[in-house]
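Numbering (the numbering used here), first residue to last: 5 to 104.
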């Protein structure tokens with residue numbers, strides 16, 4: 005997961021690129037003709053100072069490697085954000101980013 009966070013006009017602007025296959029479970033493998041198992045991000049959470057500032061719930065219809073952008077008030081340059089996603093198989097990915 006790549007995260008960029010910077011101050012802009014009093015807001016923290018966050019851009020996230022989550023590398024994930026986002027398989028729906030409805031697509032067939034061209035070689036075997038079998039369904040590719042579902043594997044998609046269900047939840048993305050961003051916290052600032054242990055407070056949730058952004059939460060998104062995804063479903064099957066989101067494209068591979070989803071891009072998400074959002075902003076919030078209350079952050080400062082140098083503060084740390086923690087971002088975590090959880091997919092439908094229970095896999096998680098967590099990263100931290102410093103606000104510039």
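The beta carbon of each residue, even a glycine, is placed where N, CA and C say it ideally should be.
If you draw a straight line from the alpha carbon of residue i to that of residue j, how long is it in whole angstroms?
i, j, result
"residue 59", "residue 44", "16 Å"
"residue 100", "residue 74", "16 Å"
"residue 104", "residue 9", "6 Å"
"residue 30", "residue 95", "20 Å"
"residue 39", "residue 53", "42 Å"
Which one of the options has the shortest CA to CA distance from residue i?
i, options, result
"residue 91", "23, 37, 15", "23"
"residue 13", "80, 95, 84, 97", "80"
"residue 42", "86, 7, 66, 71", "66"
So, are the CB atoms of residue i and residue j less than 8 Å apart?
i, j, result
"residue 102", "residue 78", "no"
"residue 21", "residue 76", "no"
"residue 28", "residue 64", "yes"
"residue 5", "residue 68", "no"
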